[in-house]
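Structure record follows, encoded as C-alpha cells.
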Amino acid sequence: MSFDAVGIWAFLCVFVRCSAMLLSSPLFGGLVPVPVRVMISGVLALALTPVVASHFPQVPEALDVLVLALMREAGIGLVIGFFMQLMMLSIQMAGAFLDLQVGLGAAQIFNPAMSSPTTILGQWKFLLGLVVLLLLNGHHLMIGAFVQSFEVTQSIGLYSLTSWIEQVPRFAGHLGLLSLQIAAPVAAVSFVIDAALGVINKSVPQMQAFMVGVPAKIGLGMIALSLGLPVFAVAVESGVEHTLAAIARLLGGG
Numbered sequence: 005m006s007f008d009a010v011g012i013w014a015f016l017c018v019f020v021r022c023s024a025m026l027l028s029s030p031l032f033g034g035l036v037p038v039p040v041r042v043m044i045s046g047v048l049a050l051a052l053t054p055v056v057a058s059h060f061p062q063v064p065e066a067l068d069v070l071v072l073a074l075m076r077e078a079g080i081g082l083v084i085g086f087f088m089q090l091m092m093l094s095i096q097m098a099g100a101f102l103d104l105q106v107g108l109g110a111a112q113i114f115n116p117a118m119s120s121p122t123t124i125l126g127q128w129k130f131l132l133g134l135v136v137l138l139l140l141n142g143h144h145l146m147i148g149a150f151v152q153s154f155e156v157t158q159s160i161g162l163y164s165l166t167s168w169i170e171q172v173p174r175f176a177g178h179l180g181l182l183s184l185q186i187a188a189p190v191a192a193v194s195f196v197i198d199a200a201l202g203v204i205n206k207s208v209p210q211m212q213a214f215m216v217g218v219p220a221k222i223g224l225g226m227i228a229l230s231l232g233l234p235v236f237a238v239a240v241e242s243g244v245e246h247t248l249a250a251i252a253r254l255l256g257g258g
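Using our numbering, read the sequence shown as starting at 5 and increasing by one per residue.
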C-alpha cells in the first residue's frame, strides 16, 4: 500500500468502519479495553486496506463530504457489529425465558458485556454462546463480512428505506425462532412438570404441589439443559448463518 493521499484516505475509512464494528460487536465490545480495541482496529485496517483500497478511488475535497463519508463508514461498521450483538441477545433472551420456566427468574446477576443485570441462565447462555461462536470461527466470519461489505455497499441498498423495512423484521423473526429452538427442550420439560403438579394439586388440595415441585423443576430443567447442548450448538451455527445473510441483504448484497 502506497502512503499517498488515496492510501491514507482508504486506511482512515477502513479504520473507522472497523472501530465501529468492534465497538458494537459481542466479541470485542464492552469486555475489551478501549486501547486494545483501538490497537486491533489499527492492525486490521493496516492488513485489509491493500485488499479494499480499490473501492476508494478519490479523496473528498470538501470537508462536509469527508465528514459524511466517515459517518457512512461508521454506520456500516455499526450495522455489522450490532447485528452480531442482536444474535447474541437472542441467545440471552432464551436463557432468561428458561429462568422463568424453572423458577430462577428472581435471581439477577450483572452482565459486564451488556452493562446491565440479567438472569442466571441468561448470563450462562450468553457466555456459552460466545464460546461456541469462537469455536465456529464467528470472529473470522465477521471479519469476512466486513471485507465483503466494501463490495456490496457500493449499491443503493444501504440507503434504501424499503430494504430496512423488509430485512430488519425478517431478521428479528429469525432471532425469535432461534430463541425458541434454544429454549424448547427445557420449556417442554417444564410444561410436563407443571402439568403433573397440576394433577397432583387437584388430587391432594392440602398439598402445596407447586411449592414442593420447585426443586424438581430446577433439577430436571438442568438435566434437560445439559442434554440439549448439541441443539444449542446447532442453533448458534444457524444464527450466525442467518445473521451474515441478513447483513449482506441489508447492505445491498442481495
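C-beta atoms are modelled at their ideal positions from N, C-alpha and C, and glycine is treated no differently.
What does a CB cutoff of less than 6 angstroms around alanine 24 pick up in its chain, not counting 5 residues either side in sequence?
Ala78, Gly81 and Leu82
So, at 7 angstroms on beta carbons, what are the nonlocal neighbours of leucine 224 in its own chain, with the 5 sequence-adjacent residues on each side left out?
Val193 and Ile197
How big is the Cα-Cα spacing for alanine 199 and valine 18?
56 angstroms
Would you report the Cα separation of leucine 162 and alanine 252, rounded to the nearest angstrom?
Because the pLDDT of leucine 162 is 48, which lies under 50, any placement of that residue in the model is unreliable, and the number read from its coordinates should be weighed accordingly. Near 10 angstroms, if we compare the C-alpha coordinates of alanine 252 and leucine 162.
Taking contact to mean 3 or more Cβ pairs, one atom from each stretch, closer than 8 angstroms, check whether the stretch 42 to 49 and the stretch 88 to 97 are in contact.
no
Applying the criterion that 16 or more other CB atoms from any shown protein chain within 10 Å of the CB defines a buried residue, is serine 207 buried or exposed?
exposed
Are the CB atoms of proline 64 and alanine 73 within a distance shorter than 8 angstroms?
yes
Given threonine 247, which residues of its chain have a CB within under 7 angstroms of its CB, disregarding the five upstream and five downstream residues?
Phe87, Met88 and Met91
Span separating the alpha-carbon of histidine 265 from that of alanine 220
As displayed, the chain neither begins before 5 nor continues past 258, which places residue 265 out of reach and without an answer.
Buried or exposed by the 16-neighbour rule on C-beta atoms within 10 Å, applied to glycine 148
exposed
Since leucine 31 is in the alpha helix (DSSP H), which residue starts that stretch and which ends it?
Unbroken run through leucine 31: none, as it is neither H nor E.
Closest by C-alpha distance to glutamine 105, when choosing among Met226, Leu255, Ser153 and Val238:
Met226
Just curious, the alpha helix (DSSP H) that valine 240 is in, first and last residue?
233 to 254
Keeping to the same chain, check which residues put their C-beta closer than 7 angstroms to that of glycine 107; ignore five residues upstream and five downstream.
Val218, Lys221 and Ile222
Compute the distance between the beta-carbons of phenylalanine 150 and histidine 59, then report whether it is under 8 angstroms.
no
Within 10 angstroms of the Cβ of isoleucine 169, are there 16 or more other Cβ atoms? Answer buried if so, exposed if not.
exposed
Local Cβ density within 10 Å of methionine 146, reported as buried at 16 or more and exposed below that:
buried
Suppose the cutoff is 6 angstroms on Cβ atoms and the five residues either side in sequence are ignored; what does the same chain contact list for valine 136 look like?
Ala237 and Val240
Determine the extent of the alpha helix (DSSP H) in which proline 39 is found, giving its start and end residues.
38 to 56
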